[in-house]
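Single-structure report; data block below.
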Amino acid sequence: MTGPAEPGARFPKTLVVVHSWHHGNTRRVAETIARTLGAEVRTPDRADPASFGEYDLVGLGAGIDSGRHYRPILDLADRLPPGDGRRAFLFSTCGIPAAFARGEEFERQVDANHAELRAKLLDRGYAIAGEFSCVGFNTNSFLRYFGGLNRGRPDAGDLARAAEFARGLAGRES
Ligand SMILES: Cc1cc2nc3c(=O)[nH]c(=O)nc-3n(C[C@H](O)[C@H](O)[C@H](O)COP(=O)(O)O)c2cc1C
């Protein structure tokens with residue numbers, strides 16, 4: 000299920016910020032998470048760092064470039080006010096071949112891809128409420144000459160997992 004949760008359910012007031020330019024892959028994940036939580040989605044240039052204090056939960060996500068989140072999301076994290084224990088979640092899409100994007104190996108890869116953004120959020124006093132990643136269509140560099148990798152990703156299964164992740168965030172206290 001990727002739609003909003005049951006009417007009357009209570010959700011944390013949530014802001015989702017995403018930078019997604021390559022194929023809109025991470026934007027689709029962001030929109031699924033936001034729809035599930037009844038949240039708004041902004042891009043880093045339209046997210047006022049000072050407004051973060053108005054939310055119970057904030058999510059930052061982007062595609063992965065050179066093993067870390069895209070620069071505009073990292074730069075936004077640098078401008079955030081102190082989190083004072085506010086809950087934050089991270090998400091991303093990455094371009095590794097889907098065949099390798101499972102199990103512990105993928106967990107390790109995501110852990111590494113998210114390390115820089117995670118460290119910035121922890122440094123500012125945010126509590127990490129969860130992390131999500133899946134593969135996305137990738138035509139970077141020479142891949143474009145071969146039709147790209149992971150065509151059609153994120154797919155319905157990826158987005159269902161993103162929605163499940165979001166419901167888990169809503170249910171958790173910290
Ligand atoms: C310039 C560039 C660099 C990339 N570097 C990586 C990388 O280091 N690791 C990786 O897994 N994917 C990498 N990718 C693939 C993207 O992270 C992936 O396609 C992602 O889904 C794009 O997200 P977006 O459509 O939201 O921008 C790179 C893509 C581009 C265009």
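Numbering follows numbering that gives the first Met the number 0, in which position 79 of the sequence shown is assigned residue number 78; successive positions increment by one, without gaps. Just so it is clear, CB atoms sit at the ideal spot from N, CA and C, and this is done for glycine as well. Bear in mind the structure is a predicted one, so any value in this text is a computation, not a measurement.
Membership of Ile63 in the beta strand (DSSP E) is indicated by the continuous run 56-64.
In the structure shown, Ser132 adopts extended strand secondary structure according to DSSP, grouped into three states. Counting only heavy atoms of ligand 1, the residues whose C-beta sits closer than 5 angstroms to one of them are, along the chain, Ser19, Trp20, His21, His22, Asn24, Thr25, Gly62, Ile63, Asp64, Ser65, Gly66, Thr92, Cys93, Gly94, Ile95, Gly135, Asn137, Asn139.
In this structure, the CA atom of Phe105 is about 7 angstroms from the CA atom of Phe99. For Glu39, the uninterrupted beta strand (DSSP E) run begins and ends at 39-41, by DSSP. When DSSP states are grouped into helix, strand and coil, Leu36 belongs to the helix group. Under the DSSP assignment, Arg86 falls in the beta strand (DSSP E) whose first and last residues are 86-93. For Asn112, the secondary structure class from DSSP, reduced to helix, strand or coil, is helix.
When rounded, the separation of the alpha-carbon atoms in Ala126 and Phe88 is 8 angstroms. The alpha carbon of His18 has as its nearest neighbour, out of Glu53, Ala49, Cys93, the alpha carbon of Cys93. Per the Cβ contact rule, the region 49-66 is in contact with the region 75-89 (3 or more Cβ pairs under 8 angstroms). Inclusion of Leu148 and Pro96 in the CB contact set at 7 angstroms is warranted, their separation being smaller than that value.
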